[in-house]
Amino acid sequence: LCQQWPGFNLPGLGRYEVTHNEADKARFAVPSLRNVELTGPYMHDGRFKTLEEVIEHYSTGMQRSVTLDPNLAKHPDGGVPLSPADKKALVAFLKTLTEESLRSPTLVQVSVK
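Going from the sequence shown to the numbering used here is simple: count from 1 and add 1161.
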């Protein structure tokens, strides 16, 4: 299951819904990180307003559950241990994926003949 708690129970069938190939169960299209700085609020429910909040969540705010990714579950505290400098560097990297022309859109003059 993708997520499971009272009132929310979505099957994690992913691409299988289209292909009916057993190997595609739980495979999902993952959105690009391009322009991620401009796409907040973040997470499936919009709970985080900034990239810094997202990084903090994955660093310290992870709750252990049966659906937690095994790569995250292997850390004893349920998150990815990052120093303050690591967090800052990660946010800076994510911001490099932003197309500069999207930061301040300008109007283009169009002439109609």
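Just so you know, even glycine gets a beta-carbon here, dropped at the ideal spot from N, CA and C.
For residue i, the residue or residues it bridges with in DSSP
i, result
"Phe1254", "Answer is none; Phe1254 lacks a bridge partner."
"Phe1209", "Tyr1203"
Among the options, nearest to residue i - alpha-carbon criterion
i, options, result
"Ser1220", "His1205, Val1252, Asp1206, Ala1190", "Val1252"
"Gly1201", "Arg1188, Glu1214, Lys1210, Val1215", "Lys1210"
"Leu1258", "Thr1180, Tyr1177, Asn1196, Arg1176", "Asn1196"
"Arg1188", "Leu1194, His1181, Asn1182, Arg1176", "Arg1176"
"Gly1240", "Gln1224, Arg1208, Val1179", "Gln1224"
Unbroken alpha helix (DSSP H) run spanning residue i, endpoints
i, result
"Thr1180", "1177 to 1180"
Supposed close pair residue i, residue j - CB separation, criterion 8 Å
i, j, result
"Lys1186", "Leu1174", "6 Å"
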